[in-house]
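Each step along the sequence shown adds one to the number in our numbering, with nothing skipped, and position 8 is 10.
Input: a single structure, listed below in structure tokens.
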Amino acid sequence: MTVVDRPLKPTLAAVAREAGVSAPTVSKVLNGRE
3 MTVVDRPLKP TLAAVAREAG VSAPTVSKVL NGRE
């Protein structure tokens, strides 16, 4: 995947997919509710 293929801002789903976790888990961490 090149930079051109990626959106400028990563989505929760994209971060979750790359990290191997669920989107709600990413949301909890980003919002300090780990």
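Note that CB positions come from ideal geometry on N, CA and C, so glycine has one too.
Boundaries of the alpha helix (DSSP H) around S29: A25 to L32. The Cβ-Cβ distance between V28 and L10 does not fall below 8 Å. A18 is positioned such that its CB atom lies closer than 8 Å to that of S24.
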